[in-house]
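Okay, so the sequence shown: first residue is 607 according to the working numbering, each after it adds one. Structure first, commentary second.
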Amino acid sequence: MHRHLDHLKSPALAQQAAEPTTEKEYTCPMHPEIRQRSPGTCPKCGMTLEPVLPELEESDNPELADFSWRFWWTLPLTLAVTALAMGSHGLSLFHGATQNLVELVLATPVVLWAGWPFYVRGARSVIQRSPNMWTLIGLGTAAAFLYSLAATLTPGLFPATFMMDGRVGVYYEAAAVIISLTLLGQMLELKARSQTSAAIKSLLGLAPKTARRINTDGSETDIALSHVHSGDTLRVRPGEKVPVDGVVLQGESAVDESMLTGEPVPVMKRPGDGLIGATLNTHGSLVMQAQKVGSATVLAQIVQMVVQAQRSKAPMQRLADVIAGYFVMVVIAIAVLTFVGWGLWGPQPSWVFGLINAVAVLIIACPCALGLATPMSVMVATGKAASSGVLFRDAAAIENLRKIDTLIVDKTGTLTEGRPAFHSVEPAPGYSADEVLRLAASLDQGSEHPLAHAIVEHARANGLVLSTAQTFESASGIGVRGQVDGHRVQLGNTALMAEAGIALEALQPQAEQLRSDGTSIMYLAVDGVLAGLLAVADPIKPTTRLAVERLQADGVRVIMATGDGLTTARAVARQLGIEEVHGEVKPQDKERLAAALQERGHRVAMAGDGINDAPALARADVGIAMGTGTDVAMNSAQVTLVKGDLLGILHARNLSVATVRNMHQNLAFALAYNAMGIPLAAGLFYPLTGHLLSPLVAALAMSVSSASVVFNALRLRRAVID
C-alpha cells in the first residue's frame, strides 16, 4: 500500500508535492482557474477568494471579519432610516425637506462605507467585461441612492407629481436595507462555504503534530513534524501515530491503517515493511527511517487530489457559467425596459414606480445562486468521497460516473487479492522442479508483478540460491524475458510463448487442469525450449462477489479482461457470475475493447491496477484505479479507490448519482427563482394583485436563495452511498 500510493496525483501535482510550499494560495470557488498569493475577490464574479488548501487551525476569515464589522456598525443606521421612512407614512418626527436630509445623513455611511466593497466589485466587473451579481447590486443601490440624493438636494428639478407631504419621495431606506441584507447574506454564505472544507480538515487532522527523533548519539528528542527530514531515524511508541512515510528498521507491531485505506484489520509491520504517515501504531515500539515528508507523503498527496477535484469544473458548471454571463446582460435590459415601461404607461408617479421596480429587478435577479449551484455540490461530494476512500481527480469524473453502463475489470489485484500464493510447478522433460523454480525466480526478481513476488518468495523459502539476471525486459501484460546464467529465459503466458514460437503441447494437459482450478499459469522457456510451467493461485477478494452482483443489479454490464489464460479467467468469472470474459489480452487489446464498446454507444468504465491497464484506463470514459496498484495506473485514471476494493466503485457511482441530483436541484431552484422573481419584481402582476415587490424584499430573497443553494449542497454530507 505504501509503495503504490506514492503518486496518487497527476505527474504535475506529484512534482509540486515534492516541493513544500510555504506561501498560501487563494482561488475562487466558482472559477478555480483564478489563483493568487493573497486574499481578495475574483475578477470574474467578484466572490471572495478562499485558500486552496484550508488550514487545520481555524483562523479568522478577513472577508468575514470585514463584512461583520461593516454590518454590525451600520445596522442601527439602517434600522433608523427604515423606521423613519416607515414613519413618514403616518406619524413622523420630521417634516418636508428636513425628513429627506435626516434620512440622507443616516443612509450615507451605510451605502458609501458599508456597501463600498460591493461598488468596487461592480466597477471591476465592468472593467473586466465580466458582468456578475455585483454589477446588478451596484447598479440597483446606486440608482436608488443617487435618485434620492438628487431629490434631496435639487427638489425643484422634479415635477409636481413627485411631491408627497411637501417633499420629493426618496428611497434611502431601500438602498440601505439592500446593502445590509447583502452583507448579511455574504456573512451566512462565507460561514456555510467554510463547512465544505470539513473533509479536508479532517484529513489534515490525521497527521500527528510531533515526531520522536533518535539522534546520532542515541538520545531521543520530540520535534515538530515540520522539522522531520528524509533519512531521519524516528521512534513510534505504542498508541502513537506514524509521523511520516517510511520503512521499519527495528521492532514489530500491528499498525491500524483504516484511517487511509478503510481496512479495519491492523497490518503487521516488520523490518523492511513500509509505513504510511498518520496511521496508528497499536502496540509494540517501532524504529523507522523517514523517506517521504511534508507534501510528499501519501496523506498529503491524498489531500492534494481532493483539493484538485474540488477546484475543478463539472461540465454542467461550464454551461451555468455561460448562462450566467448572458443572464446579467438580459437582466439589465429588463430593468431598463421596466423603468421606461412604467415611466411611460404606469400610474403616477410613474417614473418613481419605474425606478423602484427596476431596482427590484436588478437585485432579485443576482445570479449568485446560479453560479454556486454546481461548485458547492462538487466540493461537498469530493470531501465525502475522500472520507469513504474514493478519490476523484476532477468534477467531470463525478458527473460522468453515473452514466456508466459497462465496466471492464482486470482480474489480478482488482477482482482478486493481488497477493497470489505459489501453487505448484510442473517441469518439462529434462528439467527438475527446483531448476524451473530457480530460473523463474531469478528472472522475476526484477519484476513488480504480484505473481512474480509469489514465485520469488516461494523459491527463497525453499532455500534456492537465486542468480542475478544479466538482462531484464518486461513484455507488458504478457510476461518477462532476460538472460540468467548465460541462458535466454522467457517467463509468461501463452501469448509470450506464441510470440517466441515455443511449442507448449508437452505440458498442455497439466496446464488445463490447473487453470480449471482457477490458478494462473506461467510458462518458462530456456534458450527457446519449453522448460516447465508454474501455477500461482490468487484468491478472490471477499467483497468482489457482492460488488459485481450489485453493479449488475444496477444495470451495469461487467466484463472481465485479463492477461491470464482464458481457462483461468473463466473459472474466476464463473464464481462471480460474470458472463463475458476476455483472456490472454495485451494492453492494446484492453484499449481496443474499450474503444469498440464506445463506438457501439456504451459509456465505459475501466477498473485496473497494473501498468498493462493504463492504456484502457486512459481510453475509458472513466478510468478507475485500485489504490493498491501501480503509479502508472493511478496517473491514467480519473478515480482512485484507496482501499482497492471493488465496492468502492459502487460507492463512487452512488455518490455520483446523488451529487448530480443535488446539482440539478440547485440549478432548478436558481433558475425557477429567477424565472418567478423577475416578472414579480418588474410589476407584471400589478394589474392582478395591486401590489409591487419592494427592493427590500427582493434583497432578502436574493440572500436567502444563495444561502439555500449552499445549505442544499451540504446535505450531500448525509447522503447514503453504501
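Backbone N, C-alpha and C define an ideal beta-carbon position, used for all residues, glycine too. From a predicted model like this one, the values you see are computed outputs, not experimental measurements.
Between the Cα of residue i and those of the options, spot the shortest distance and give me the residue it belongs to.
i, options, result
"residue 1053", "1085, 706 and 790", "1085"
"residue 724", "703, 748 and 707", "748"
"residue 564", "959, 954 and 797", "For residue 564 there is no data in the structure shown, the boundaries of the chain being 607 and 1328."
"residue 1049", "1018, 1096 and 1003", "1096"
"residue 1313", "1269, 876, 979 and 824", "979"
"residue 1164", "1138, 1051 and 1208", "1208"
"residue 1120", "1141, 1137, 1107 and 671", "1141"
"residue 1016", "783, 645 and 1223", "1223"
"residue 762", "751, 775 and 750", "775"
"residue 846", "826, 824, 834 and 886", "886"
"residue 1315", "667, 1261 and 985", "985"
"residue 1160", "1286, 1226, 1008 and 1295", "1008"
"residue 773", "702, 832, 843 and 957", "702"
"residue 891", "844, 937, 828 and 1297", "844"
"residue 1000", "1034, 968, 673 and 1246", "1246"
"residue 792", "734, 721 and 753", "721"
"residue 1146", "1023, 1106, 1109 and 648", "1023"
"residue 905", "895, 894, 881 and 888", "881"
"residue 1391", "910, 945, 744 and 1275", "Outside the displayed range of the chain (607 to 1328) lies residue 1391, so it cannot be described from this structure."
"residue 823", "1179, 858, 1173 and 839", "839"
"residue 1018", "678, 1258 and 1167", "1167"
"residue 1113", "759, 1107 and 1137", "1137"
"residue 968", "1299, 631, 634 and 632", "1299"
Starting from the C-beta of residue i, find all residues in its chain whose C-beta is less than 7 Å away, skip the five residues before and the five after it, and write them out in chain order.
i, result
"residue 897", "836, 851, 852 and 853"
"residue 1092", "none"
"residue 873", "860, 861 and 863"
"residue 1310", "none"
"residue 1256", "1153, 1156 and 1157"
"residue 949", "956, 957 and 960"
Could you spell out where the alpha helix (DSSP H) holding residue i opens and where it closes?
i, result
"residue 1112", "Per DSSP, residue 1112 belongs to no alpha helix (DSSP H) and is neither H nor E."
"residue 1333", "Given a span of 607 to 1328 for the chain in the structure shown, any question on residue 1333 remains unanswerable."
"residue 1175", "1172 to 1182"
"residue 998", "First-last for residue 998: 996 to 998, but that is the beta strand (DSSP E), not the alpha helix (DSSP H)."
"residue 1283", "1253 to 1288"
"residue 714", "703 to 714"
"residue 1001", "1001 to 1007"
"residue 1295", "1292 to 1295"
Any heavy atom of the ligand COA inside 7 Å of the beta-carbon of residue i?
i, result
"residue 889", "Questions concerning the ligand COA fall outside what the structure shown contains, since it holds no ligand whatsoever."
Closer than 6 Å by C-beta to residue i: which residues in its own chain qualify, once you throw out the five before and the five after it? Chain order, please.
i, result
"residue 1265", "983, 987 and 1004"
"residue 740", "652, 724, 727, 728 and 731"
"residue 781", "717, 747, 750 and 751"
"residue 779", "687, 688 and 691"
"residue 814", "847 and 849"
"residue 1321", "none"
"residue 627", "Confidence at residue 627 is low in this model, with a pLDDT of 41, below 50, so its placement is unreliable and the value that follows should be read with caution. Cβ neighbours of residue 627 beyond the five flanking positions: none."
"residue 1325", "1264"
"residue 1043", "1031 and 1065"
Can you tell me where the beta strand (DSSP E) holding residue i begins and where it ends?
i, result
"residue 846", "Segment: none, residue 846 is in no beta strand (DSSP E) and carries neither H nor E."
"residue 859", "859 to 862"
"residue 717", "Per DSSP, residue 717 belongs to no beta strand (DSSP E) and is neither H nor E."
"residue 1246", "1245 to 1247"
"residue 1229", "1228 to 1232"
"residue 892", "892 to 898"
"residue 815", "Looking at the DSSP string, residue 815 is not in any beta strand (DSSP E), and its letter there is neither H nor E."
"residue 1014", "1012 to 1015"
"residue 1188", "1186 to 1188"
"residue 1250", "Element bounds for residue 1250: n/a, residue is neither H nor E."
"residue 1298", "Residue 1298 -> no beta strand (DSSP E), and no H or E assigned at all."
Within a Cβ cutoff of 8 Å, which residues of the same chain sit near residue i, ignoring the five residues on either side of it in sequence?
i, result
"residue 621", "Low confidence applies to residue 621: its pLDDT is 35, below 50, so where it sits in the model is not reliable, and the reading given next is rough at best. Correct list: empty, nothing qualifies."
"residue 576", "Any answer about residue 576 is impossible in this case: the structure gives the chain only from 607 up to 1328."
Give a yes or no on whether 8 Å exceeds the smallest Cβ distance from residue i to chain B.
i, result
"residue 1107", "Protein chains in the displayed structure number just one, and chain B is not present."
In chain order, each beta strand (DSSP E) run of at least 3 residues that lies wholly inside the stretch 1024 to 1093: 1027 to 1033, 1077 to 1081 and 1085 to 1090
At least three beta-carbon pairs within less than 8 Å, the stretch 817 to 828 to the stretch 713 to 730: no
At least three beta-carbon pairs within less than 8 Å, the stretch 1023 to 1030 to the stretch 1055 to 1074: yes
Cβ pair count under 8 Å reaching 3, the stretch 1250 to 1260 against the stretch 1146 to 1158: yes
Contact between the stretch 1191 to 1198 and the stretch 980 to 994 (3+ Cβ pairs under 8 Å): no
Uninterrupted alpha helix (DSSP H) stretches inside the stretch 930 to 975 (no shorter than 4 residues): 956 to 970
Start-end ranges of the alpha helix (DSSP H) lying completely within the stretch 1128 to 1165, minimum 4 residues: 1150 to 1159
Validate contact between the stretch 1174 to 1188 and the stretch 1267 to 1285 using beta carbons, cut 8 Å, 3 pairs: no
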